[in-house]
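Worksheet for the structure shown next.
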Amino acid sequence: MSQQADQLQATLNQLHEQLGATGADLDATTRAQLQETLQEIAQVLGGSSASGEEASITDRLRGAEIQFEESHPTLAGTIRRLVDMLAQMGI
């Protein structure tokens, strides 16, 4: 795995941990949407997704970042880093 992919995986793991730590602060729908997006990112990294799906993933992550900016700034920052890493990888 490349260094970029390793860093991306570490950020994904960090985001999973933060989602677990937020506990009841996130409603079930939001939590499910974020989990689904993270699974889709894993599929993209594994090479098993359509190219149009990649744009959708980054759009949803940007929306989540905006949504959590005030209520969960640490989570929003991690999402922002994830979007930046995906962009650097051309995703």
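What the sequence shown shows, in this note's numbering, is residues 7 to 97, in sequence order.
Just so it is clear, CB atoms sit at the ideal spot from N, CA and C, and this is done for glycine as well.
Note that the coordinates shown come from a computational prediction; the quantities given were computed from them, not determined experimentally.
Residue state for L32 is assigned as coil, using DSSP reduced to three classes. Here the stretch 20-33 lies against the stretch 79-90, with 3 or more beta-carbon pairs under 8 Å apart. By alpha-carbon distance to L92, the top candidate from H22, A61, L32 and E71 is A61.
Here R86 has E71 as same chain residues with Cβ atoms under 8 Å from its own Cβ, once five neighbours each way along the sequence are excluded. In terms of Cα proximity to L40, the closest of L51, I97 and L88 is L88.
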